[in-house]
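Residues in the sequence shown are numbered from 0 upward in steps of one, following numbering that gives the first Met the number 0.
For every residue, glycine included, the Cβ atom is placed at its ideal position computed from N, Cα and C.
These numbers were taken from a predicted model, which means no experiment stands behind them.
Heads up: the structure comes next, in structure tokens.
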Amino acid sequence: MAITKIIADSITSGAIANTPNFLAYRSSSAQSVANNTTTTILFNAEKFDSNSAYNASNGIFTVPSDGVYCFGLNLYAGDDAPARYVGKLVKNSATLIYADLDVSNEPATLFVSTITTCSANDTIHATFYHNRGSAMNIDPSSTAEINYFFGYKLL
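Pasting the structure below:
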């Protein structure tokens with residue numbers, strides 16, 4: 000079972016009451032990422048967002064209250080050109096965690112997650128970088144199982 004379905008079902012059923020929480024994904028139209036450019040990924044739809052703290056127009060989650068949070072990012076780079084792919088979670092302009100892959104002629108999935116202490120009004124967003132030689136797309140999905148960004152308060 001996909002992690003997004005487990006998280007979404009657990010929150011919907013009340014099994015996970017950690018709020019605030021959100022799960023955002025690309026649902027319509029691909030986002031183009033230029034070659035050799037770090038780009039904020041705009042996850043333009045939400046499965047849930049308990050505090051309306053994720054902004055789909057700029058890709059930023061604004062922390063509503065102090066605490067310890069878990070954040071995660073999944074990006075599928077469905078291209079078969081040799082390249083370097085870097086996916087990052089960024090807090091207030093500083094990298095929290097990243098995945099850096101050298102890919103040779105096959106699609107790749109980047110997944111990162113982290114636990115961090117946050118203060119109210121901290122911001123978290125996801126970025127992607129590649130050097131495949133030309134622009135590439137972050138594709139949409141109607142099920143949030145390909146490209147997604149999530150977070151929830153633990154304590």
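Candidates the options: closest to residue i by CA position
i	options	result
residue 125	116, 82 and 70	70
residue 112	95, 64, 106 and 102	95
residue 92	106, 60, 27 and 50	60
residue 52	21, 136, 144 and 37	21
residue 153	146, 140, 128 and 114	114
Sequence-distant residues of the same chain with beta carbon closer than 6 Å to residue i, five excluded per side
i	result
residue 116	67
residue 138	29
Spatial distance of residue i from residue j (CA atoms)
i	j	result
residue 122	residue 100	25 Å
residue 62	residue 118	7 Å
residue 120	residue 64	7 Å
residue 0	residue 144	Legend: pLDDT at residue 0 = 48, less than 50; position of this residue unreliable, no value from coordinates given.
residue 86	residue 57	17 Å
residue 108	residue 141	18 Å
Bridge partners - residue i, DSSP secondary structure assignment
i	result
residue 23	45 and 148
Neighbourhood of residue i by C-beta, 7 Å cutoff - its chain only, sequence neighbours within 5 removed
i	result
residue 103	81
* On the three-pair Cβ rule with 8 Å, is the stretch 78–98 touching the stretch 129–140? -> They touch, by the three-pair rule.
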